[in-house]
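Quick note, the sequences are listed as chains V and X, same order. Residue numbering for the first sequence follows my numbering, beginning at 537 and increasing consecutively. Residue numbering for the second sequence follows my numbering, beginning at 537 and increasing consecutively. No residue lacks a Cβ here, since even glycine has one placed at the ideal position from N, Cα and C.
There are 2 protein chains.
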Amino acid sequence: MTATTASGLAAWRAYNTVHTQLAAHLSRELTRATGLSEADYQILDALLDAPGGRMRALELRYVLQWEKSRLSHQVGRMAKRGLLTRESCVEDARGWDLVLTPEGRTAAARARQVREESVSRIVLDTLGPGRLAHLAETAALLAARLERAADEDPACRAARDELFPPSRG
Amino acid sequence: MTATTASGLAAWRAYNTVHTQLAAHLSRELTRATGLSEADYQILDALLDAPGGRMRALELRYVLQWEKSRLSHQVGRMAKRGLLTRESCVEDARGWDLVLTPEGRTAAARARQVREESVSRIVLDTLGPGRLAHLAETAALLAARLERAADEDPACRAARDELFPPSRG
DNA sequence: TCCACATGGATGACATGTCAACCTTCCTCG
DNA sequence: CGAGGAAGGTTGACATGTCATCCATGTGGA
């Protein structure tokens, strides 16, 4: 192993540690302010931008990149709490529309506000536009690399295609 | 909200998506090659560097920043699989030493090798030393910011002190 | 010494995530 | 049209993570 590799791995470890801490912090702030879990937030946030607060479960799976059983379980729990409802889907009788309830919409709006405030305060203000842009570039490079990995490896491609239907790009 | 905030939040979202994909990819590669979960790997990797493959459960909690019940459950499962053993601790009869079994050590070494290869191939080679150094700096800034947040907020401080004993820095 | 309290860890109940099997509906092709 | 397979979701079993509680040991005074 080269010296570059060793220090690269050290940088990677340091990065990972901080990311974990940051995610835990943001999650705590959200839960404390709204009582919602990270999973709740992701679903509500996606539905909040959908017209009428309505989205096909399928589409939501693609947006969140979740396994279908995960989404199904989570949606079931949230429906039980009155945050959203399942309505049978017009275009495809196999599918379902997920629809925000009024309480769900309120919770979603509040959660988004809380999360954006947290991210602004902790991340954006700390890094500033320059570092943020750089971070986004770094993310784009990694995304491209992952895409290539998926192309090369049948197992990875399968995992990806389960979440991103090839037909839709 | 300023334009800077909006684009900053967009950068943050993009970053988050990629991080999630990357973590999933690395985890899949590890599991495919070794049959170990990410949690298994973290524990084995820490023990691998400990003298004699032995570490106080308490110390491991600090290294991994895990809740004590999480560690306890995970260690119980791994002991059942023969990867490590619990031995009562000499210095403090309340505590336990966690000790790698020979099979555990083999698995740990293999897992480390697999993970380092994955990270090199996917992350290090893609980003290069410059971007990596920049990423480490960014992580350091965020770590400092989180530290400050913990100082200011009693609840966060409590969460941190549960994982980092104040007495040990 | 003795007692209150802190600490290391285990445990059980529950929330969440994954995997495999299943059901229904859709699509394709003979 | 009809049969076979693909696709959208659900379900149940199990792995994992969290929370509250409990137990045993350590510690610091009165």
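Scanning its chain for C-beta atoms nearer than 7 Å, with the 5 sequence neighbours on each side dropped, one finds around S624/V the residues W632, in chain order. Within the region 539-600 of chain X, the alpha helix (DSSP H) runs of at least 4 residues that lie entirely inside it are, in chain order, 539-570, 574-585 and 593-600. Straight through space, the alpha carbons of I579/V and T621/V are spaced by roughly 12 Å.
Per DSSP, V659/X is not a residue of any alpha helix (DSSP H), being assigned neither H nor E. Put simply, the backbone Cα of Y577/X is about 15 Å away from that of H609/X.
Taken in chain order, the members of the region 586-609 of chain V whose beta-carbon sits within less than 9 Å of a beta-carbon on chain X are Q601.
Here T637/X really is in contact with L619/X; their C-beta atoms are around 6 Å apart, less than 8 Å. DSSP places E603/V outside any beta strand (DSSP E), giving it a letter other than H or E. For R648/X, the enclosing alpha helix (DSSP H) starts and ends at P638 to V655. Closest in C-alpha terms to Y551/V, from the list A680/X, E565/X and A546/X, comes A680/X. The beta carbon of G640/X sits closer than 6 Å to the beta carbons of L619 and L620 from its chain, once the five residues preceding and following it are set aside; these are given in chain order. In the structure shown, the three-state DSSP call for V611/X is helix. Nearest neighbour of R646/X by Cα position, chosen from G588/X, L677/X, D581/X and E688/X, turns out to be D581/X. By the CB criterion at 7 Å, T541/X and R667/V fall outside the cutoff.
The Cβ of R667/V sits closer than 7 Å to at least one Cβ of chain X. With a 10 Å radius around the Cβ and a threshold of 16 neighbouring Cβ atoms, V626/X comes out exposed. Counting only residues of its own chain and dropping the five nearest sequence neighbours on each side, T567/V has a CB closer than 7 Å to the CB of S573. In this structure, V599/X sits away from W548/V, with a CB-CB distance that is not shorter than 7 Å.
Taking the CA atoms as reference points, L678/X sits about 7 Å from V554/V. Comparing alpha carbon positions, the residue from A586/X, A669/X and L584/X closest to S543/V is A669/X. Listed as beta-bridge partners of L620/V by DSSP are L636/V.
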